[in-house]
Amino acid sequence: MESLLELAWVVTLLPLLSAAAIAAFGKQLPGKGSELGIAALAITWLLSIGIAWQTFSAGTPEPFERAFEWSPLGGGFIFELGMLVDGLTAMMFLLVTTVSLMVHIYSREYMKGEPRFTYFYAMLSLFTFSMLLLVIANNTLLAVVGWELVGLCSFLLIGFYWEDKSNQDAANKAFLTTKFGDVGLIVGVIVLSAGMFGTGTSTPFNIQETNAAAMAGELSTGTIVLGMLLIFLGCVSKSGQMPLHVWLPDAMAGPTPVSALIHAATMVTAGIFLLARLFPVLAQSATVMAVIAIVGVITLFFGGLLALVQDDLKKVLAYSTVSQLGYMIAAIGVGGYTASIFHLFTHGFFKALLFLGAGSLIHAVHSNNMSDMGGMRKPMPHTFWTFIIGSLALAGFPLTAGFFSKDEILIAGDLWAGQGFMTGNLVYWVGLAAAFVTTFYMARACFLVFAGENRSHHAPHESGPQMVAPLMLLAVLSIASGYLLSPFSSQEFNFENWTATPFVEDATYPFIDAEASGGGVLAAGGQSIMAAADGEFTILHGVPTWHFDLLAIVLVVFAAAVFLAYRFYGKGLPERDPTLNMGAATTVLVNKYGFDAFGYRYIVVPVRDTLAKWATWSSNVVIDGMVAGAGRATKNAAFATYRVLDQRVIDGGVNGAAFSAAWWSDRLKRIQSGDVQRYAGALVAGTIVLVLAIAAVR
Amino acid sequence: MDPNTAGWALVVALFLPLVGAGALAMMPSSMDRQIRRAAVVITGVAFALVAVITASFDFSRSGELQFTTDASWISAIDARFELGMDGISLPLFFLTYLLTFLCAIYTTKHLPSPGKPKAFLALMLLLQTGMAGTFVAFDLVLFFIFWELVLVPMFFMIGMWGGPRRDYASVKFFLYTLFGSIFMLIAFLAIYFTAGANTWSIQALSEMAPFGSTTFQTWAFLGMFLGFAIKVPMWPFHTWLPDAHTEAPTVGSVLLAGVLLKMGTYGFVRIALPILPEGAVRFAPLIGVLAVIGIVYGALCCLAQTDVKRLIAFSSVGHMGFVMLGIAAMNEAGIQAALFGNIAHGIITGMLFFLAGSLHERYHTREIAVIGGGMLKKIPRYGVLLTYVAVASLGLPGLAGFWGEFTAMWAAISPGLGLADQYAGLYLGLVVFAAIGTVLTAGYFLWLLQRVNLGDPPERWVNEQLDDVMTIEWVTWLPLLLLILALGIFPVLVFGVQDAAVTNLMGYLGG
Amino acid sequence: MSLIGPLLLATFLFCVGVYGLIARRNAVLVLISVELMLVSVNINLVAFQNLLFPGAEAVHGQMFALFIIAVAAAEAGVGLAIIFNLFRNRATVNVDDVDLMRW
Amino acid sequence: MTGYDIVFILVALLTAGSAVLTVTSKNLFHAALFLAVTLAGIAGVFLVLRADFLALVQLVVYVGSVAVLFLFGLMLTRAPIGREALDGQNRGLALVVSGTLFVVLSSLIVSSFGGERAAEVAGPGIEVIGIAIFADWVLPFELLSMMLLAALIGAILLARREDGESGEPDDEGRIEFGDEPSTEAGAHELPRGDSQPELTSGGDR
């Protein structure tokens, strides 16, 4: 079935064609263009499933690369247009097309009646194309093209309601913040490619060649550290890592389906994808990995805390996205290649589910705020159960997809710690702490939205089938996707084998000292630690086994968090559900109240009210203030540059030359007095001087 | 048409506008319409001829001169009438004829006060010959004549059809660029006498290079540097540009940005580098630093502008900074990037000036604050076009602006001709700052779009009747809009044509 | 006799002419000063004729002096004619009133 | 010191003195008369230097005609009398320049020709001069006569009254002197319509 991989370019190209077609004659069609987009996406989805199946069933698939020269760049170097299809690509294909298709279907109802409905669909398709281009690219330059295009689509979609200034600002902020990171990405790509010049290749941007060169030690340490750190800067901004995450919550100004597609499942994961693509390169440097891990850890914890104090449901989800992306980044930084992209995969489904669920709620009550919701369980049953499944997966409840993927990350951290790296411990313990936070805020959100009384001014009703069906499918995937890499999955055909490219498999950590670490081998994700045959430190893989100690901790954390949330936010329940309330009130409240109060006063209040507020403040005031301040300072500098330096100094110099010429000529012209006798005097005087000069010379 | 023997085609194409200008001057002023149509016909025929030349250009030998003419001209000073065209000249030559043709079409409907289409169009045709000749002249004297020929029509275009401060702007433009070209001429003379081969031929001198002492090379390069850098314009020689652009009529701005500025970079690539390689290498770091200052500085100045047209003018400073950064890299990729950036900037900024001109005609102001937003509501098609071109200008991949910028930065990371050993750190810093410049560029364009395009239109415009894009504007702009997309997707259209010629050129530099 | 006498006299007359040329306002007097300068040159020419070709056949010096006298006469005529013309048009012969050629 | 020297010194003193009076006299008429005396003195110098023919010519041409010409010129232009009117503001400049010139030139002459002596023999006779004029110098001589003719015609043409001219000085003057040349920027302003560019200036006309 080689033929299906050959068709991978169709997956990428079809959304572009549909975008063009929608833009051209979408308005004349009965569905205003939406049917075109859905049809194209359905085809690409089916193709993606085929490609995914083909690569999955191949065990560890050989990368399939096809490229041809697109343009010379001078100096004998070539820009290739090419595709690289392996397990990682196929996985991203599956994720992107699935979520995109769901969003396309969902938006038919959600966006109904919008004046720019057709434009919206064209942009959705264009975005899908850009994201798939980034995924399929066989060279970093092409990836940069896709990367920038998704940024543009994101900008256009965040600013979809451009009549409001706040939305324009949000769009600009998103574009500029990510563009700032792109400086890093572009310079990083340039640095890496410059490092490739030494290998004599004519395609210095080629990803496979770069990986191979890095593993063969042909790239200098300086190139790797500088290049990867700069590329990581791009990932920090695109994937919403601290401190460049500030754009992501604001990006919620866009329509909710856009948030689901772009700011939860696909675009924000581009950074993780790119790091995974270049994993063999970054694995060469302990520095790079440590930086990545630390940024990830900071983000996953503090990002999560921020979600505690939000009232806007979408912002809760946005901050949780920041936090979950932090998990993925941190996992990369501790060698958890598989863990990271596995979490990317599962998170894509359940976060898209949560956003679409939130969209359904918002559609019903016409407000983003949880304080305007409440009691939604009954009028919106489907939304309710799908949202709960999504929340459970996000919180890492056992046997959901989030449980398997997040545990992989924690275990990867543990293993890394076993090699003597502090960052491993950090990821493990902070990751656990953040799991508590995650569970708490999701439980809070669920209680506030679904429990209690209806506080909205509308009579909520369940959304139509076009919105509910995607929710259901995504709910199923939010559980099922986890079993691709679980103790239940096949030893031969599992997520790890699927996405581990040969390069990743062969990648080594040159900075680990074989003697000191006792000859252990690091697993990329699974916890099977096997002795290396030849003492090389190879990234291996395998299916995880049960870790009952970790399971126990996770369960306790989960229960504690939910319970706490319930204590504080389930208060409206007695009138609506007396039995449950009674039991809780009698058994739990009476016996454990002192502990609760203590926990509330000394744990929850400081964490929720002080620490989180401080974090919010630091994000909103300090970091955002720095961003805004940088903007203001830039603006002031700009005005100063223009008014003083340009207009006065430089242009003043130019004009000054002209003016001084005029000034001098005004003085000098007075010699030309028209008085002939003075001329005569000057003539004779000049003669005297000449005579004297000649006499002096002789 | 055989590119080896059909030198006459180039000569005809070159002087057809000149003859046309004479013919227009003969027509009575009262035949307003006929004059405008005649100009369209003349430029159209010239463009068609250039299209035929392009089609019959032998792309497999794009490194060699084709359509050559080499006739005795002023034998007393050894100046020869030497014309030719290679892969470097062709895109610029083509662009000149395309833009002039479009400008002629545009002028059939739009002509600023005080009218007088006969004088305006005759000057435009004269300008065309000057611009096109610069790109195909291969004799230094001939080159210089075409170079100076350009000044006069542009001076009158700005001085007669310009805005309120036209006198100041036109005189400044004329004197400033003339000032530079004097030094250039001195450098030419120094080269002629130092080479001692009794030839002004660019090809011959390039093949002889390097000659003369290092001191000579440095001084001669300094002279050329002044001439070309003012034309580009590089920071800090840029101040004539915003004034000239702001005051010039739309067509003048388009040609100024689209072609005139390119003469400077073309001069660097065609003359300064191959003839004075040692001087070029000595100056390269300076050029790079000035270029990057120009990028950041231009962007900062753009942020401070309140006038749309002036903003676009300052954006040229930044974009030409990328072009010069490519030249400063002194390697093939850098030259490629510079020449690509040239073309891309010509099309995109030319288009932006068309848009700014139309904006002024609709709103009768170019002040951003007075326009006040809401253009997407008031004139949606126009708003979309502005967004499209602005996004192209800020260097989005997939559109023309990206390739020049990215390739320039990419080339600058590993400068050629031994510069990498000495200045690796400096060039890395240049790349970083250039990349930061792209963010600032994005910043001012987005801010412009936000203030002009988005939101609701202010009250004063709500009941105003404003036309959306008109037919004549579609006709004029569509080729440019398509070219922006085509060059973005198929950079090979320019890179491929230039490749062999640039390799050839680098051969002279010893790189 | 000593040659230095005529030469010094010629120099003196020339300088007096220069003085008059610069100092006098009246155009006729300026013209007179010019005449003084011209004749002073003649003294020089005759003196050097005497020095170089004493009693000889060659008469270059005197010939030149003769020519200068003729030219001076012509110059005086034309100059006075111009001054008349000026007087008719401007009612003045003061040279410092005639400064149209100034800036 | 020979007799020639004594005669020369006397003549020279006379000449120099009257020359000084020529350029300093307050009276125009006196100035012209002193000029005549100066010219006659120079004729004397010529005699001392044995240039007899030249001395005669000097007397006839200069004293006889040129000086008289100047007298007529002075009378016809009705020049005022008095130092303030005759001397311009450049007197100081004139004094400095001419004085310096004299010092420089005379020192150079003394250092160069201090010891030279003029021949005390008879100069070329009139027949030698006549032969020289009409043999060796005939072409320049004819040219000189042409020039004199041209000067004659030119002088008449310049000085004669044109048709319609009164012959009296035009007191208001034909040329407005004292005015600056008109160079105001406004003169170069182009005629312009309203400042708004026209949208469709061609098609609708």
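Protein chains in written order, with the numbering used here: chain D, 1 to 698; chain L, 699 to 1209; chain X, 1210 to 1312; chain R, 1313 to 1517. Each residue gets a CB set at the ideal place from its N, CA and C atoms; glycine is no exception. Quantities reported herein were computed from a predicted structural model and do not represent experimental measurements.
Q: State yes or no: is the beta carbon of residue 1311(X) nearer than 9 Å to at least one beta carbon in chain D?
A: Walking along the third sequence from the start, residue 1311(X) turns up at place 102. Interface residue, yes.
Q) Name the chain X residues whose beta carbon is nearer than 7 Å to that of residue 680(D)? A) Within the first sequence, residue 680(D) is the residue found at index 680, counting from 1. What residue 680(D) touches in chain X: 1230, 1231.
Q) Do three or more CB pairs link the stretch 1241-1250 of chain X to the stretch 1218-1225 of chain X at distances below 8 Å? A) yes
Q. Which of helix, strand or coil does DSSP assign to residue 83(D)?
A. Looking up residue 83(D) in the first sequence gives position 83. The answer is strand: DSSP assigns residue 83(D) an E or B state.
Q. For residue 862(L), does the count of other Cβ atoms within 10 angstroms reach 16, so buried, or fall short, so exposed?
A. Against the second sequence, residue 862(L) aligns to sequence position 164. When all chains shown are included, residue 862(L) counts as exposed.
Q.
Just to confirm the assignment, what range does the beta strand (DSSP E) spanning residue 780(L) have?
A. Mapped onto the second sequence, residue 780(L) falls at position 82. Note, residue 780(L): beta strand (DSSP E), 777-783.
(Q) So for residue 692(D), helix, strand or coil by DSSP? (A) Along the first sequence, one-based indexing puts residue 692(D) at 692. If DSSP states are grouped into helix, strand and coil, residue 692(D) belongs with the helices.
Q | Residue nearest to residue 303(D) in terms of C-alpha spacing, selected from 474(D), 159(D), 393(D), 435(D) | A | Here residue 303(D) refers to the residue found at position 303 of the first sequence. Among 474(D), 159(D), 393(D), 435(D), the Cα nearest to that of residue 303(D) belongs to 435(D).
**Q.** Contacts around residue 1011(L), its chain only, beta-carbon distance under 7 Å, and the 5 residues preceding and following it disregarded
**A.** Here residue 1011(L) refers to the residue found at position 313 of the second sequence. So the list reads 939, 940, 943, 944, once near-sequence residues are dropped.
Q. What residues in its chain sit with their C-beta under 7 Å from that of residue 1343(R), if we drop five residues either side in the sequence?
A. Within the fourth sequence, numbered from 1, the residue matching residue 1343(R) stands at position 31. Taken in chain order, the residues that qualify are 1334, 1337.
Q. Do you know offhand how far residue 713(D)'s Cα is from residue 1405(R)'s?
A. The displayed coordinates of chain D run from 1 to 698. Any statement about residue 713(D) would go beyond what the structure contains.
Q: Starting from residue 74(D), follow its DSSP beta bridges and name the residues at the other end.
A: Your numbering for residue 74(D) matches position 74 in the first sequence. Its beta-bridge partners are 77(D).
**Q.** chain X contact residues for residue 1260(R), given Cβ-Cβ distances below 9 Å
**A.** With chain R represented from 1313 up to 1517, any question about residue 1260(R) goes unanswered, as that position is not in the structure.
Q. From residue 550(D) to residue 1136(L), what distance separates their C-alpha atoms?
A. Walking along the first sequence from the start, residue 550(D) turns up at place 550. Walking along the second sequence from the start, residue 1136(L) turns up at place 438. Using only the alpha carbons, I get a separation of about 47 Å.
Q. Whose C-beta lies closer than 6 Å to the C-beta of residue 922(L) among residues of the same chain, with five residues either side of it excluded?
A. Locating residue 922(L) in the second sequence gives position 224, where the first residue counts as 1. Once the five neighbours on either side are set aside, the close Cβ partners of residue 922(L) are 882, 885, 970.
Q: Could you check what DSSP says for residue 904(L) in three-state terms: helix, strand or coil?
A: Your numbering for residue 904(L) matches position 206 in the second sequence. Note: residue 904(L) maps to helix in three-state DSSP.
**Q.** Segment contact, 8 Å Cβ cut-off, at least three pairs: the stretch 397-413 of chain D with the stretch 337-344 of chain D
**A.** yes
Q | C-alpha distance - residue 99(D) paired with residue 474(D), whole-angstrom precision | A | Numbered from its first residue, the first sequence carries residue 99(D) at position 99. Numbered from its first residue, the first sequence carries residue 474(D) at position 474. Cα to Cα, residue 99(D) sits roughly 8 Å from residue 474(D).
Q. Residue range of the alpha helix (DSSP H) that residue 1175(L) falls in?
A. Reading the second sequence from its first residue, position 477 is the one you call residue 1175(L). Its alpha helix (DSSP H) spans residues 1169-1187.
Q: Within 10 angstroms of the Cβ of residue 503(D), are there 16 or more other Cβ atoms? Answer buried if so, exposed if not.
A: In the first sequence, counting from the first residue as 1, residue 503(D) sits at position 503. By the neighbour-count rule (16 or more Cβ atoms within 10 Å), residue 503(D) is buried.
**Q.** Residues from the stretch 1290-1311 of chain X in contact with chain D, defined by Cβ distance under 9 Å
**A.** 1304, 1305, 1307, 1308, 1309, 1310, 1311
(Q) Under DSSP, the beta strand (DSSP E) around residue 769(L) begins and ends at which residues? (A) Looking up residue 769(L) in the second sequence gives position 71. Taken as a continuous stretch (DSSP letters only), the beta strand (DSSP E) holding residue 769(L) covers 764-772.
Q. Cα separation between residue 1281(X) and residue 848(L)?
A. The count along the third sequence starts at 1 and reaches residue 1281(X) at position 72. The count along the second sequence starts at 1 and reaches residue 848(L) at position 150. Approximately 55 Å between the Cα atoms of the pair.
Q: Give the residues of chain L in contact with residue 75(D), contact being defined as C-beta atoms less than 7 Å apart.
A: Position 75 of the first sequence, counting from 1, holds the residue named residue 75(D). The answer, in chain order, is 1029, 1030, 1031.
Q: Spatial neighbours of residue 195(D) within its chain, please: CB distance less than 7 Å, with the 5 preceding and 5 following residues excluded, ordered by chain position.
A: Counted from its first residue, the first sequence places residue 195(D) at position 195. 219, 220, 223, 227.
Q. So, using beta-carbon positions, are residue 963(L) and residue 1006(L) closer together than 9 Å?
A. Taking the first residue of the second sequence as 1, we reach residue 963(L) at position 265. Taking the first residue of the second sequence as 1, we reach residue 1006(L) at position 308. It is not a contact, given that the beta carbons lie outside the stated cut-off.
Q | Euclidean distance between Cα positions of residue 1341(R) and residue 1289(X) | A | Against the fourth sequence, residue 1341(R) aligns to sequence position 29. Against the third sequence, residue 1289(X) aligns to sequence position 80. In a straight line, the C-alpha of residue 1341(R) is about 16 Å away from that of residue 1289(X).
Q: Figure out for me which residue from 899(L), 994(L), 920(L), 839(L) has the closest Cα to the Cα of residue 763(L).
A: Locating residue 763(L) in the second sequence gives position 65, where the first residue counts as 1. Among 899(L), 994(L), 920(L), 839(L), the Cα nearest to that of residue 763(L) belongs to 899(L).
Q. Can you find at least 3 beta carbon pairs, one from the stretch 988-1000 of chain L and one from the stretch 33-40 of chain D, that sit closer than 8 Å?
A. no
(Q) Quick check on residue 687(D): does DSSP put it in helix, strand or coil? (A) Counted from its first residue, the first sequence places residue 687(D) at position 687. Correct three-state label for residue 687(D): helix.
Q: Counting only the same chain and skipping the five closest in sequence on each side, list residues whose C-beta sits under 7 Å from that of residue 729(L).
A: Within the second sequence, residue 729(L) is the residue found at index 31, counting from 1. Counting only Cβ-Cβ distances below 7 Å, and skipping sequence neighbours, we find nothing.
Q: Report the rounded CA-to-CA distance for residue 159(D) versus residue 251(D), giving the unit in angstroms.
A: Position 159 of the first sequence, counted from the start, is the residue given in the question as residue 159(D). Position 251 of the first sequence, counted from the start, is the residue given in the question as residue 251(D). Taking the straight line joining both Cα atoms gives about 9 Å.
Q) In whole angstroms, what separates the C-alpha of residue 608(D) from that of residue 1147(L)? A) If you number the first sequence from 1, residue 608(D) lands on position 608. If you number the second sequence from 1, residue 1147(L) lands on position 449. Reliability fails at residue 608(D), whose pLDDT of 46 lies under 50, so the model's placement of it is uncertain and the value that follows must be treated cautiously. So the two alpha carbons sit approximately 40 Å from each other.
Q: Specify whether the stretch 1252-1263 of chain X and the stretch 1289-1306 of chain X touch according to this definition: at least 3 beta carbon pairs, one from each stretch, less than 8 Å apart.
A: no
Q.
Closest to residue 1049(L) by C-alpha separation, out of 713(L), 1160(L), 951(L), 823(L), would be which residue?
A. As a working mapping, residue 1049(L) is identified with position 351 in the second sequence. Closest by alpha carbon: 951(L).
Q. Is residue 1562(R) helix, strand or coil when you go by DSSP?
A. One cannot answer for residue 1562(R) here, as it falls past the ends of chain R, which runs 1313 to 1517.
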